[in-house]
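Report on one structure; see the data block that follows.
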Amino acid sequence: AMSGGRRLSLWNIPPWDSDGPPPDGGPASLEPDRARLARLVCADSDMLAQNGIDRMADYIYQQQLAQIGRALSQVLSHLPGYRDIPVVALGAGAFIAVEVARRAGLAVTNLAETWGRQEAQVAPSLAVAYLLAEQWWPG
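Following our numbering, the numbering of the sequence shown begins with 52 at its first residue and continues without gaps.
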């Protein structure tokens, strides 16, 4: 939820890309997002400079990218020959998956851009159903 608010206001992702209102029920816009981030360190937006809040949010985002990037590298180390298969970005974290894959030099397919947002929302459920069907009814 916090990264969602951060991305709405400071990474120029349109509001319709959010999965819902922020956890406090307030608006998903720049100043309320900064106030929510300030509360992470027991402050409010009057106690911290905007630049400080923005730097804190960028640090959190960069740490998310680094952590997921390390996990991706670990997975790829066990799958030699799979670097040519595109990363499929889905769900609320698709914007993070796209950036991590881009930094790793991998091709990315963002189903929300290809199929449309509503259609892409069901893709994770469809993938799980496919994997279960493959397990239950092999061949």
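Each residue gets a CB set at the ideal place from its N, CA and C atoms; glycine is no exception.
None of these values were measured; they are calculated from a predicted model.
Exercise for the section: Grab me the residues of L99's own chain with a C-beta within less than 6 Å of its C-beta, minus the 5 sequence neighbours each way, in chain order. Expected result: Counted from its first residue, the sequence shown places residue 99 at position 48. Excluding residues within five positions, the ones whose Cβ falls inside 6 Å are A89.
Problem - Proximity winner among S80, D97, I119, D109, relative to R153 (alpha-carbon distances) - result: Indexing the sequence shown from 1 puts residue 153 at position 102. Ranking S80, D97, I119, D109 by Cα distance to R153 puts I119 first.
Handout entry: Through-space distance from P72 to P78, alpha-carbon basis
Key = As a working mapping, residue 78 is identified with position 27 in the sequence shown. As a working mapping, residue 72 is identified with position 21 in the sequence shown. Roughly 7 Å between the two C-alpha positions.
Practice task
Quick one: give me the first and last residue of the alpha helix (DSSP H) that V151 is part of.
Solution key: By 1-based counting over the sequence shown, the position of residue 151 is 100. Residue range 145-154 is occupied by the alpha helix (DSSP H) that includes V151.
Practice task
Run through the region 67-120 for me and flag every whole alpha helix (DSSP H) of 4 or more residues, listed as ranges in chain order.
Solution key: Within the region 67-120, the runs of alpha helix (DSSP H) that reach at least 4 residues and sit entirely inside it are, in chain order, 81-90.
Practice task
Starting from A180, follow the alpha helix (DSSP H) in both directions and report where the run begins and ends.
Solution key: In the sequence shown, the residue the question calls residue 180 occupies position 129. Element bounds for A180: 174-187.
Practice task
Take the Cβ of D109 as the centre, count every other Cβ of all protein chains shown within 10 Å, and call the residue buried at 16 or more, exposed below.
Solution key: The residue you call residue 109 lines up with position 58 of the sequence shown. So D109 ends up on the exposed side.
Problem - Backbone secondary structure at A171 - three-state DSSP - result: The sequence position of residue 171 within the sequence shown is 120, counting from 1. Of the three classes helix, strand and coil, the one that applies to A171 here is helix, per DSSP.
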